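Chemist: Have a look at this one before I ask anything.
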Amino acid sequence: METLEMLAPDCTSPEECTSVTIRREVFVDRPALNDAIYAQLLQQLQGSGDSEEAAADSLDKVAQQFIDDAGAVSEISAARWELNGDAKQLARRGDLLTIVVNSYLYTGGAHGMPVSHWLNWDLAKEQPVALTDVLAPGQAQAFWKLAEASHQQWLDSQGVDGEFRKNWPFTHSDDFRLTDQGIELLYGVYTLGPYSMGEVTLTIPRDRLSTLVREKYR
C-alpha cells in the first residue's frame, strides 16, 4: 500500500483541519494495472471535471490543489474540507481481478460526495475488461432486460411508491463484477435513488446467464 497524506498549513489539530488521505494498493510487476488504478483515482478525486482549472496529472498535485482551494475560502467558510481516496483488490476469479476505487469529497454543506467504481483487469492479457467483453455477442439486450427485472425486485423490496419509480428510473451501469451469485452491478448515490439510500447493487442470477456470458467467464 502507498499512502499520501496532507494537512492544511499550520494545522494544530488534525481532526479540525482540511485533510487529504489517498491510499492505493500497488501490484508488483503490474505497471499497466498500476497506471490504470492511478488514472481512475486521478479522475475521481478531481470530481466532475467542471472546474476551469486544468486537470492535475499527479495525486500530489491534486492533494496540494485541494489544500490550496480550502485555504482560499477559509475566511468565508468554517467547513473542514476533506478529500479521501482508496484503491484496493476487491475480488479475483481466475485471471479476472476486480479493483474497487473509492473517493470522498467534502467541501461544506449537508454531506460529502462518495464515489465508487469497479475496475476489472485481465491479468493474463494485462488489459481492462469491460462488460461488453464478458457478454456473448448479441446478448446485451437480453442481459439488460434481466438487470431491469432485478431493479424491479429491488424497488419492490424497498416498498417505494409509483412517484419514486417515476423519478428514479432504471439505467445501465458500467460497474460490474463476477460473483458466485452471478453478475453484480454497482450504482452510485443519486443514480437509482436519493442520497439517503446510498449505493445500490443489483445482481443478475448466475443460472440466468449461461447463454448470455462468454464461455471464458461462465
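Residues are numbered in the working numbering as their position in the sequence shown, beginning at 1, plus a constant of 788.
Where is the CB? At the ideal position from N, CA and C, for every residue including glycine.
The structure presented is a predicted model; accordingly, all values stated were derived computationally and were not measured.
#1: Tell me the DSSP secondary structure of Leu980 in three-state form.
#2: Does DSSP classify Asp944 as helix, strand or coil?
#3: So, at 6 Å on beta carbons, what are the nonlocal neighbours of Ala820 in its own chain, with the 5 sequence-adjacent residues on each side left out?
#4: Could you tell me the boundaries of the beta strand (DSSP E) in which Val917 lies?
#5: Under a three-way DSSP split, which group does Phe931 fall into?
#6: CA-CA distance, Arg1011 and Arg953?
#7: Please determine if the stretch 942-950 and the stretch 916-923 are in contact, where contact requires at least 3 C-beta pairs separated by less than 8 Å.
#8: Quick one: complete beta strand (DSSP E) runs, 3+ long, within the stretch 850-912?
#9: Have a look at Gly926 and Glu870 and give me their C-alpha separation to the nearest angstrom.
#10: Residues in its own chain within less than 6 Å of Gly837 by CB, not counting five upstream and five downstream?
#11: Just the Cα atoms here: how many angstroms apart are Leu847 and Gly950?
#12: With the cut-off set at 8 Å, would you say Leu829 and Ala875 are in Cβ contact?
#13: According to DSSP, simplified to helix, strand and coil, what is Ser801?
#14: Candidates Gln853, Ala843 and Gln831: which alpha carbon is nearest Thr806's?
#15: Would Pro916 and Trp906 qualify as a contact pair, given that the criterion is a beta-carbon distance under 8 Å?
#16: For His960 and Ser801, I'd like the C-alpha separation in whole angstroms.
#17: Under a three-way DSSP split, which group does Gly837 fall into?
#18: Between the Cα of Val1001 and the Cα atoms of Ala796, Ala851, Ala867 and Ala918, which residue gives the shortest distance?
#19: Nearest to Thr967 by alpha carbon, out of Ser865, Gln831, Arg1006 and Asp856?
#20: Closer than 7 Å by C-beta to Leu934: which residues in its own chain qualify, once you throw out the five before and the five after it? Chain order, please.
Modeler: Result, derived from the coordinates:
#1: coil
#2: helix
#3: Glu914
#4: Run containing Val917: none; DSSP gives neither H nor E here.
#5: helix
#6: Because the chain in this structure spans residues 789 to 1006, residue 1011 falls outside the shown range and cannot be described.
#7: no
#8: 870-881, 884-894 and 901-910
#9: 44 Å
#10: Summary for Gly837: the model assigns pLDDT 48, below 50, so the residue's position carries little reliability; its value from the coordinates is reported in the next sentence. If we look at Gly837 and ignore the five residues flanking it on each side, it has no Cβ neighbours.
#11: 44 Å
#12: yes
#13: coil
#14: Gln853
#15: no
#16: 44 Å
#17: Confidence in Gly837 is poor, its pLDDT being 48 and thus under 50, which makes the residue's placement too unreliable to answer from.
#18: Ala918
#19: Arg1006
#20: Ile992 and Arg996
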